[in-house]
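Those letters in the sequence shown? Residues 2 to 322, per the working numbering, in order.
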Amino acid sequence: MDEETFIRGLRQHGVRAESSIPAKMRELLDCEQMELESVFVEAKPNLTMTLVHRVELGQGDIQERPSSIVKYSPARYAPARTERLKIATARHYREFEGGGPGIRDEHDAVYRQSIKSFFERWNPDALTLLAPFSTTFTADSRDYTVEVVPSGTVNRAADGEWIYCASLEPRTKAEQDMMFQEFSADSMTRFQHPTDLARELGSAFSRSASAFPVTFDTDVDQLQISAMREQSSLEKIVHVYHGPVAYTDDPEHLIEPIPSLLQGSAVPFLKSPEFGHQREYRFVISTIGAPNEEVLYVPITDDLRDLVLGTEYQSVSVADR
2 MDEETFIRGL RQHGVRAESS IPAKMRELLD CEQMELESVF VEAKPNLTMT
52 LVHRVELGQG DIQERPSSIV KYSPARYAPA RTERLKIATA RHYREFEGGG
102 PGIRDEHDAV YRQSIKSFFE RWNPDALTLL APFSTTFTAD SRDYTVEVVP
152 SGTVNRAADG EWIYCASLEP RTKAEQDMMF QEFSADSMTR FQHPTDLARE
202 LGSAFSRSAS AFPVTFDTDV DQLQISAMRE QSSLEKIVHV YHGPVAYTDD
252 PEHLIEPIPS LLQGSAVPFL KSPEFGHQRE YRFVISTIGA PNEEVLYVPI
302 TDDLRDLVLG TEYQSVSVAD R
């Protein structure tokens with residue numbers, strides 16, 4: 002079967018074609034902390050390749066991969082009742098106003114790296130700027146010598162993706178009630194099989210618009226677009242990363258072992274220990290280009306609904322997230 006016949010078949014029947022993962026692709030996109038799980042192609046409305054990655058930075062008390070996860074939300078936005086799911090950039094959650102205390106995080110998806118570590122990786126020659134030095138000054142007719150040790154941090158914000166936030170199953174009824182308050186929610190929806198949910202979120206995202214709301218403002222974006230068009234008939238590429246959030250005050254020891262190409266995709270899975278009680282499980286969706294809309298609503302497809310195990314509701318009405 003030639004490529005044209007294959008694509009025509011995908012368009013006519015709306016089927017999904019699973020793809021094997023070439024060794025070169027796995028070598029480029031795989032590492033110990035981020036596993037490329039699957040690749041598939043769909044053609045409605047556009048010919049799209051979706052790549053699904055599992056992220057495991059540091060699981061803490063998680064002993065095994067969860068078979069189900071939960072989503073806290075206002076009842077009217079529970080997946081069983083609404084037609085769309087909200088995904089948003091980390092910037093949206095850094096600046097979010099209103100809602101429960103657990104929604105806004107001023108440091109969401111911001112990687113704070115010591116300036117020494119930054120220079121060691123990107124510009125070793127500049128390390129001389131960080132060498133300790135002495136300086137002398139006079140005050141009250143006396144000379145003082147001060148030893149100066151330069152220090153600081155480099156902050157990198159990962160704002161090139163949209164995030165769908167969920168949580169691990171509550172361990173107790175008290176924990177569940179706390180999460181309802183934390184997220185200004187009065188419903189809790191259970192989804193089975195997080196890997197399948199990641200795949201269906203990617204598929205729904207690709208169908209959400211004929212053209213994604215992104216801008217191509219870097220040379221890397223242009224190179225990726227050119228390579229995609231020259232080497233294939235693909236019109237879109239979607240990456241979905243999913244996994245538990247790692248809560249740490251020392252993100253460097255989790256991020257620096259990751260290859261440079263993949264570090265940006267890992268950053269949204271880091272949060273401060275102050276949010277550790279949320280036990281968050283995230284889905285991070287990206288494509289070529291930078292988002293120019295911070296909030297998107299993707300359609301809830303039949304395949305997404307099939308992953309809903311059920312929804313529990315509280316009687317208290319709360320504000321929308």
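No residue lacks a Cβ here, since even glycine has one placed at the ideal position from N, Cα and C.
In the three-state reduction of the DSSP assignment, Ser207 falls in the helix class, which pools H, G and I.
Counting only unbroken stretches of 3 or more residues, the beta strand (DSSP E) elements lying wholly within the region 255-301 are 281-288, 296-300, in sequence order. Closest in C-alpha terms to His240, from the list Leu271, Ala205, Gly100, comes Ala205. Non-local beta-carbon contacts of Cys166 in its own chain, meaning distances under 7 Å to residues more than five positions away in sequence, involve Glu281, Arg283 in chain order.
For Glu231, there is no enclosing beta strand (DSSP E); the residue is found in the alpha helix (DSSP H) stretching over 220-232. A distance below 8 Å between beta-carbons, with the five flanking residues on each side excluded, links Arg105 to the following residues of its chain, in chain order: Tyr94, Arg95, Glu96, Phe97, Glu98. In the structure shown, Glu57 falls within a coil segment according to DSSP collapsed to helix, strand and coil. Taking a C-beta distance under 8 Å as the contact criterion, Phe270 and Gly311 do not qualify as a contact pair. Contact between Phe192 and Ser69 holds, since their C-beta atoms are separated by about 6 Å, short of 8 Å. Between the region 79-89 and the region 252-267, the count of C-beta pairs closer than 8 Å stays below three; the two stretches do not touch. Of all alpha-carbon atoms in Phe217, Tyr242, Glu275, Arg66, the one lying nearest the alpha-carbon of Val40 is that of Tyr242.
As DSSP reads the structure, Leu37 sits in a beta bridge with His54. For the pair Ala44 and Ser21, the Cα-to-Cα distance works out to about 17 Å. Taking the Cβ atoms as the reference, Tyr112 lies roughly 6 Å from Ile256, within the contact range of under 8 Å. Here Ile301 is near Thr83, since their CB atoms are less than 8 Å apart. For the 8 Å CB-CB criterion, Leu29 and His54 do not form a contact.
About 13 Å separates the CB atoms of Thr219 and Asp160; that is not less than 8 Å, and the two are not in contact.
Secondary structure note for Leu305: its alpha helix (DSSP H) is the uninterrupted segment 303-306.
The Cβ atoms of Lys237 and Ser209 do not sit closer than 8 Å to each other. The shortest C-alpha to C-alpha distance from Asp303 to any of Ala158, Leu198, Leu297, Gln223 is the one to Leu198. When the beta-carbon positions are compared, Ala110 and Val215 stay at least 8 Å from each other.
Residue state for Lys25 is assigned as helix, using DSSP reduced to three classes. Apart from the 5 residues on each side of it in sequence, Gly277 sits with its Cβ closer than 6 Å to the Cβ of Tyr248 in its chain, given in chain order.
Counting the other CB atoms within 10 Å of its CB gives Leu297 a total of 16 or more, which places it among the buried residues. Under the three-state reduction of DSSP, Gly10 is assigned to helix. In chain order, Pro67, Ser69, Ile70, Val71, Arg191 place their CB closer than 8 Å to the CB of Glu170, counting only its own chain and leaving out the 5 sequence neighbours on each side.
Following the DSSP letters along the chain, one finds Tyr242 inside the beta strand (DSSP E) bounded by residues 237-245. Per DSSP, the continuous beta strand (DSSP E) segment holding Tyr314 begins and ends at 309-314. Judged by DSSP in its simplified three-state form, Thr190 adopts strand.
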